[in-house]
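With UniProt numbering applied, the sequence shown corresponds to residues 1 to 1212, in that order.
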Amino acid sequence: MNHIYRIVFNRSLGVYQCVSEIAKTQGKSSGRSAITNRRVGFSLRVLSLSILSVSALGTTTSALAAIYNNGLTTNLGASYSVSAAGDEVRGVNTVVKANALSISETRLLVTDKGNIEIANTVTMDRDAALEIKDNSMLTADRLYVGTEGSNNNLNISTSGQLQANTVYLGEYIGSKGDLTVTGSNSQLNTESLRVGNYGKGNTTIANDGSVQAKTVSLGHKNTGEGGLIVTGSNSQLTTGELLIIGRYGKGSTTIANGGSVRANTVYLGEYIGSKGDLTVTGSNSQLETESLRIGNYGKGSTTITNGSSVQAKTISLGHKDTGEGDLIVTGSNSQLNADELLIIGRYGKGSATIANGGYVRANLIDVGVLAGSEGDLTVTGSNSQLNTNTSYVGRAGKGSATIADGGSVHTQDVYLGFLAGSKGNLTVTGSNSQLSTDNLYVGTTGKGSATVAGGGSIQSQVIYLGSKSKGEGDLTVTGSNSQLNTNIAYVGFGDKGSATIADGGSAQASEIYLGFLAGSEGDLTVTGSNSQLNTNIAYVGFGDKGSATIADGGSAQASEIYLGFLAGSEGDLTVTGSNSQLNTNGLQVGNQGKGKGTLNITDNGQVKTRSIGRGSDSKLSVINFDNGTLELAANQPALFNNFTSANTINLASGGGTIDTNEFDISVFNDARITGSGNFTKMGSGKLAMNSATKAWSGDTDINQGTLQLNGDYNMRKGEVLAIGLNTLTDYGQLKVTGSADISQGKLQVNAADAVQVLTGNPVWNNVVSANSLTGKFAAVNDNSPLVSFVADYSDANSVHLKMVRDATFVDAIESETSQTALGLSRMLDLSTTDRLGNNENILSDSLLSENISLDQFKLAALDLAGVLDEAIEDRVNNGNSALADALITNTLSFNKPKLAAAANELQPLLMGATNRIITDSNYATTEAIIERSLTNPNRGVWAKIIGSDSSHDEEDGIAGYDASSYGAIVGIDSPINDNLNLGVAFSYIDSDVDSNSRALDHEMKTKNWQILGYGNYAASEATQVNFHAGAGSSDVKGQRHITILTDATASSDYSVDTLQAGFGIGHRIGNELRNFTPFAQMNYARAESDGYRETGAGVYNLDVDENTYESLRWTAGVKMSQALTPKLALTGQLAAAIENGDRRSDITASFIGMPNANFTTTGQEIGREIGIVGVGLSYMPTANTKLSAGYRGEWRDNYNDQGASIALQTSF
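1. For glutamate 105 and leucine 138, what's the separation of their Cα atoms in angstroms?
2. DSSP state of valine 367, grouped into three classes?
3. Can you find at least 3 beta carbon pairs, one from the segment 480 to 487 and one from the segment 445 to 464, that sit closer than 8 Å?
4. Report the residue from Gln1024, Leu1045, Ala1050, Asp1057 whose alpha carbon sits nearest the alpha carbon of aspartate 1035.
5. Once the 5 residues before and after arginine 916 are set aside, which same chain residues still bring their CB inside 6 Å of it?
6. If you scan the segment 564 to 646 from start to end, which runs of the beta strand (DSSP E) of 3 or more residues do you find wholly inside it?
7. Residues bridged to phenylalanine 894 by DSSP?
8. Where does phenylalanine 663 sit, in a helix, a strand or coil, going by DSSP?
9. Looking at the unbroken beta strand (DSSP E) that takes in proline 1078, where does it start and where does it end?
10. So, is serine 62 buried or exposed, given that buried needs 16 or more other C-beta atoms within 10 angstroms?
11. Got a sec, what are the start and stop residues for the beta strand (DSSP E) lysine 97 sits in?
12. Residues in its own chain within less than 6 Å of leucine 573 by CB, not counting five upstream and five downstream?
13. Nearest-angstrom Cα distance between asparagine 781 and glutamine 508?
14. Expressed to the nearest angstrom, what Euclidean distance is found between the alpha-carbon atoms of glycine 553 and methionine 1004?
15. According to DSSP, simplified to helix, strand and coil, what is methionine 137?
16. Give the DSSP-derived three-state secondary structure of leucine 906 in the structure shown.
17. Serine 965 and serine 987 look like a contact to me (Cβ under 8 Å); what is the Cβ gap, rounded to whole Å?
18. I need the boundaries of the beta strand (DSSP E) containing glycine 226, first residue and last residue.
19. Using 10 angstroms around the beta-carbon of lysine 802, count the other beta-carbons present and answer buried if the total reaches 16, otherwise exposed.
20. Is it true that the CB of asparagine 356 sits closer than 8 Å to the CB of glycine 323?
21. Extract the residue ranges of the beta strand (DSSP E) inside the segment 652 to 727, only unbroken runs of 3 or more that lie entirely within it.
22. Who does lysine 1186 pair with in a DSSP beta bridge?
23. Quick one: measure Cβ to Cβ for glycine 497 and glycine 522, integer angstroms, because I've assumed they're closer than 8 Å.
24. Along the beta strand (DSSP E) that carries methionine 1120, what are the first and last residues, could you check?
25. Output the distance between the C-alpha atoms of threonine 238 and threonine 223, rounded to the nearest integer angstrom.
26. For glycine 424, which beta-bridge partners are listed by DSSP?
27. Going straight from the alpha carbon of aspartate 994 to that of glycine 1167, what length do you get?
28. Does the Cβ of arginine 39 have 16 or more other Cβ atoms within 10 Å, making it buried, or fewer, making it exposed?
29. On the premise that threonine 314 lies in contact with alanine 338, defined as a C-beta separation below 8 Å, what is that separation, rounded to the nearest angstrom?
30. What three-state label does DSSP hand isoleucine 1152 in the structure shown?
31. For glutamate 570, which of Gln606, Gly586, Thr609, Phe516 has the nearest alpha-carbon?
32. Just to confirm before moving on: does the CB-CB distance between alanine 213 and threonine 190 stay below 8 Å?
33. One question on the structure: do glycine 1153 and leucine 868 come within less than 8 Å of each other, judged by their Cβ atoms?
34. Straight-line CA distance for isoleucine 22 to asparagine 69?
35. Apply the 10 Å Cβ neighbour rule to alanine 401 and answer buried if 16 or more other Cβ atoms are within range, or exposed otherwise.
36. CA-CA distance, glycine 655 and threonine 527?
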């Protein structure tokens, strides 16, 4: 259906026309068709004019749309204002001309090859729209899209074209203009495109659209905000000179989905206060430019992502001193190519990140170019790459580069801290992160540092640390799998250099030079477990000063090492710390040409070498041992070659060790080994030296092999010769080729574990031999308290050794107990008071003042000690005791006090006190039943919650204990007749016990269950007789912690059966509200424990026999009750008791490997006299209900038990 929807005025014909909603050329008279109609139908025209005139009476001219479609040129003069209803210019050869064009609150459509030519200015404001499409064109000098208003749109599509000298989008503050160029052959050609002049503007180039401009400026003025999007394949922006993204204001540009931008120069954030953002994203999206400045004076950021690319000749981030520039290249196939230069922080601040597979190629990269600048470069993520010929990190400013998480950088030369005052830092971290370069300069004339961490790696042909005067360079390789690989490393080439390999890092170098040129200093440290350095040749002090340290488990391997190579040079090498090791074929301490060399082997450090010596004309050669080891890896005819008495081989207080392994070693004849420390010879080979070479004053320890002294040897007074016995065939020997006098010396025998468990009476021959031997050793000592060694002088010129049985555990116990000032088996407590003025330790006053009998200790410990001695005897005679093997091995170097303490630590759990502890805790149930019987003859149900802490002090070395117990008792009783009540009670008590001892560390937990029957008989109204009997069981879990002989815990788990019975009488004096009740009571208890076997401590586990403890206690006292109110009463108890049961809780046991060798531990005697005090409150909320709370304490010699209770009674 054809609806009339508007009236238009056809300016070409000068008539109004009705145009249907579906009409195009039909119903609209073109210029040509109107003329034809006028000739054939005048009457129709007259009729039409009449009708239209009537219809138009109520319509103003501004509301009528105009259509130009006559194929002719229409000149509208000075100004063309588009009608409010919107105008159209369409058709081939249809041209509309004007000096100016104004589109305000309306729309102008140029279509179907129509053409508009504007001599000067096109202005669009207040929701204006201009659409150029279908091969149409608009030309103008200036075009303002959005001088006012926020919805002004310019759309160029389907081969439409716009040509203007200048285009402004968002001209004034508050205005907004949008430009869209979309579709194939749709074009904008302009000299200058300003997107967001003072206002806001957006430009979109899409779907093969193109914009060509001399300059494009986004965010042109300080209030301007401009956005640019170039999206879609073949969509293009081309600028002949400048693309400014954020000139004074804010600008953003996105190139996406195959779009492209070509510009001679691109600025992001051109002036102070501006901000420019550029995003290039998507496959085939690209930016091509001669120069890209990201953050000129302002702030700029560029992101290249999702396979896009940027091609530039030069790129500068933070170009001026106020500029800040950020660059991100991220994602697989995302690329940045800088043909000449990539600057990250020229005067200002710059940051560049290559991530997630991004790729950057640049001829030269400069990070932190000029003084005051700061630049950061990060290459992170698998397959992220940077390729460059030359890299400066901190040329004159501050620069930082990080290669992380699998990123890689490939370059020819890298400079860190290039010029004076500069600072450059490089970090390579993370697995597969890598820097590959020909030359790495760390600190040229500035300060530079390089760190390889977390599994990263650096590969460089040559490395220079501190390459020129005033340069300082630091290199650190740290962490497992972190690696440095280089052909040549100069640590301190022209000035100061430092290299550290730490915490499992590794470095490989063909050659290493520390302190290369005169005036230089180089320091190298290899520290930490698994840290490694491998090199062919190392010069520590090549031309000047060099220092190398291998510490804390680090290691280094080198074919050759020179300390102090050239004249004037100084080289120091220190190997220190357990497992720190240097392996080398040859070590020269002070080379030819008067260099100085010092080798320090300290604190369990180790040097392994085939040869060690000095240059014959070195200025100084020093070797210091301080608990260090020199290990030889080959036969040597001249160890310490060229060393003389003028040079130093020193044994400091920690001593030194030479390990020959299986090789034969001869020390250079003129060498002298001096110092106050001990000398130790290890290895099965022979170490030969002149007698004059042995110039140390400390002990001589021959642990293995032979020490041969060429010449005569006389032992000094008190001098110690130590011989190591490892097996019958592996032991140390001293051989003197001349005469030897040993009469002033002492022999120390150091027997290994294997020797001490040999059976029979083994002999070691020729531990000392000489061409002529004089005298006997002044003393022969050894390191075992259980076996001994005696010297055999039966051969005139030799000394042999024999092993015999030595001191016993019984001897140790007897020795300890003979000193009246000692408690049990603890070691001698010696004070440091200088009582005699000669620093002699004497027994402390506190111990001397004690008057302690040790008879109980002997009873407790001697039986056990005898069993231990029996095990040793069996082992020496028969060779069949695993317990003895362990004892001999675990008591090396023990003295008698420690041996006694070790024996006593093997005592059974709590020295047998378990059954007594259970009996004492179960008496709480008895007390609850007695209290019930004496206070309430009525039928009822009652319950009582109890808790107590008890402590038994250690006495005469017999262990005490601290126990905490808690539990509950529940009972029910009922009258049988007027005089007799009977009841039953059930109890559970949980106890936690710890030993109270200076010698033992025992723990025990018990769970005690009991059921008892009880009753009371009323002999009179005031006299009550009570009685009870019951049985129960206790589950026991125990632990004995053994710490002197070994580090083990013997665990036990067993049961104890318990019995209880008793009777008593009480007579109440007074009434129920106020009374006191004298009473007497007899109680019997029995605890019988099962036999059990411990686990967890190997040969020190015990088999413990069944054990029984009995208690018979007589108690007499008085109870009282005083009413405070009708419902509240104060109660109390005062009593004394005598214990007539077992005096001690003895226990019998055996070690699991010696079932027939029982020993009995005598427990501590307990006090027989007992004092008891109790106090409490009772409250009766009803006539049949009573609540009570109380405290009860019990004391006897070395023992106290204090507890509290809460009870509830209900009668019915």
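Just so it is clear, CB atoms sit at the ideal spot from N, CA and C, and this is done for glycine as well.
Working from what's here:
1. By one-based count along the sequence shown, residue 105 stands at place 105. By one-based count along the sequence shown, residue 138 stands at place 138. The straight-line gap from Cα to Cα measures roughly 19 Å.
2. Stepping through the sequence shown from its first residue, residue 367 is reached at position 367. The three-state reading of DSSP puts valine 367 in strand, counting E and B together.
3. Cβ pair count under 8 Å is three or more, so yes.
4. Taking the first residue of the sequence shown as 1, we reach residue 1035 at position 1035. Closest option to aspartate 1035, Cα to Cα, is Asp1057.
5. Here the question's residue 916 lines up with position 916 in the sequence shown. Taken in chain order, the residues that qualify are Tyr1109, Ser1145.
6. Runs found: 570 to 576, 581 to 589, 596 to 602, 606 to 613, 620 to 626, 628 to 632, 636 to 639.
7. Mapped onto the sequence shown, residue 894 falls at position 894. Answer by DSSP bridge pairing: none, since phenylalanine 894 is not bridged.
8. Looking up residue 663 in the sequence shown gives position 663. Here DSSP, grouped into helix, strand and coil, assigns phenylalanine 663 to coil.
9. Sequence index remark: in the sequence shown, residue 1078 carries index 1078 (1-based). It spans 1074 to 1089 - the beta strand (DSSP E) in which proline 1078 sits, taken as one unbroken run.
10. By one-based count along the sequence shown, residue 62 stands at place 62. With a pLDDT of 47 at serine 62, under the threshold of 50, the modelled position of this residue cannot be trusted; read the value that follows with caution. Taking all protein chains shown into account, serine 62 has fewer than 16 neighbouring C-beta atoms within 10 Å of its C-beta and is therefore exposed.
11. Residue mapping note: residue 97 aligns to position 97 of the sequence shown, counting from 1. Bounds of the beta strand (DSSP E) holding lysine 97 are 95 to 104.
12. Reading the sequence shown from its first residue, position 573 is the one you call residue 573. Cβ-Cβ distances below 6 Å link leucine 573 to Val540, Ala548, Leu563, Leu599 in the same chain, with the five nearest sequence neighbours on each side left out; the list follows chain order.
13. What you label residue 781 is simply residue 781 of the sequence shown in a count that begins at 1. What you label residue 508 is simply residue 508 of the sequence shown in a count that begins at 1. Glutamine 508 has its alpha-carbon roughly 50 Å from the corresponding atom of asparagine 781.
14. For the purposes of this step, residue 553 is taken as the residue at position 553 of the sequence shown. For the purposes of this step, residue 1004 is taken as the residue at position 1004 of the sequence shown. A straight-line Cα-Cα distance of about 43 Å links glycine 553 and methionine 1004.
15. Working through the sequence shown from its first residue, we reach residue 137 at position 137. In the structure shown, the three-state DSSP call for methionine 137 is strand.
16. Within the sequence shown, numbered from 1, the residue matching residue 906 stands at position 906. Residue state, collapsed to three classes: coil.
17. By 1-based counting over the sequence shown, the position of residue 965 is 965. By 1-based counting over the sequence shown, the position of residue 987 is 987. Between serine 987 and serine 965 the Cβ distance is about 11 Å, and since that is not below 8 Å, they are no contact.
18. Working through the sequence shown from its first residue, we reach residue 226 at position 226. Unbroken beta strand (DSSP E) run through glycine 226: 225 to 231.
19. Within the sequence shown, numbered from 1, the residue matching residue 802 stands at position 802. Counting Cβ neighbours within 10 Å, lysine 802 comes out exposed, since fewer than 16 surround it.
20. Taking the first residue of the sequence shown as position 1, residue 323 is located at position 323. Taking the first residue of the sequence shown as position 1, residue 356 is located at position 356. It is not a contact, given that the beta carbons lie outside the stated cut-off.
21. As far as the segment 652 to 727 is concerned, its whole beta strand (DSSP E) runs of at least 3 residues are 656 to 659, 665 to 667, 673 to 675, 679 to 682, 686 to 690, 700 to 702, 706 to 710, 720 to 725.
22. Here residue 1186 refers to the residue found at position 1186 when the sequence shown is read from its first residue. Its beta-bridge partners are Gln1209.
23. The sequence position of residue 497 within the sequence shown is 497, counting from 1. The sequence position of residue 522 within the sequence shown is 522, counting from 1. For a cut-off of 8 Å, the C-beta gap from glycine 497 to glycine 522 is around 5 Å, short enough to register as a contact.
24. Along the sequence shown, read from residue 1 onward, the residue named residue 1120 stands at position 1120. For methionine 1120, the enclosing beta strand (DSSP E) starts and ends at 1107 to 1123.
25. Position 238 of the sequence shown, counted from the start, is the residue given in the question as residue 238. Position 223 of the sequence shown, counted from the start, is the residue given in the question as residue 223. Straight-line Cα distance between these residues: approximately 26 Å.
26. The count along the sequence shown starts at 1 and reaches residue 424 at position 424. Glycine 424 pairs with Gly399, Gly448.
27. For this step, residue 994 is matched to residue 994 along the sequence shown. For this step, residue 1167 is matched to residue 1167 along the sequence shown. So the two alpha carbons sit approximately 20 Å from each other.
28. As a first step, residue 39 is located in the sequence shown; it is residue number 39 there, counting from the start. Below a pLDDT of 50, predicted positions are generally treated as unreliable, and arginine 39, at 34, falls in that range; the measurement from the model is reported next regardless. Arginine 39 should be labelled exposed.
29. For this step, residue 338 is matched to residue 338 along the sequence shown. For this step, residue 314 is matched to residue 314 along the sequence shown. About 7 Å; that satisfies the 8 Å criterion.
30. Taking the sequence shown and counting its residues from 1, the one referred to as residue 1152 is at position 1152. Isoleucine 1152 falls in the coil class under three-state DSSP.
31. For the purposes of this step, residue 570 is identified with residue 570 of the sequence shown, where counting begins at 1. It is Phe516 whose Cα lies nearest to the Cα of glutamate 570.
32. On the sequence shown, residue 213 is found 213 positions in, with the first residue counted as 1. On the sequence shown, residue 190 is found 190 positions in, with the first residue counted as 1. Cβ atoms of alanine 213 and threonine 190: closer than 8 Å.
33. Residue mapping note: residue 1153 aligns to position 1153 of the sequence shown, counting from 1. Residue mapping note: residue 868 aligns to position 868 of the sequence shown, counting from 1. In this structure, leucine 868 does not lie closer than 8 Å to glycine 1153 by Cβ.
34. Locating residue 22 in the sequence shown gives position 22, counting from the first residue. Locating residue 69 in the sequence shown gives position 69, counting from the first residue. For isoleucine 22, the predicted structure reports a pLDDT of 41, less than 50, and the residue's modelled location is therefore unreliable. A value from the coordinates is still provided. About 17 Å.
35. By 1-based counting over the sequence shown, the position of residue 401 is 401. By the 10 Å Cβ count, alanine 401 comes out buried.
36. What you label residue 655 is simply residue 655 of the sequence shown in a count that begins at 1. What you label residue 527 is simply residue 527 of the sequence shown in a count that begins at 1. Their backbone Cα atoms lie some 23 Å apart in a straight line.
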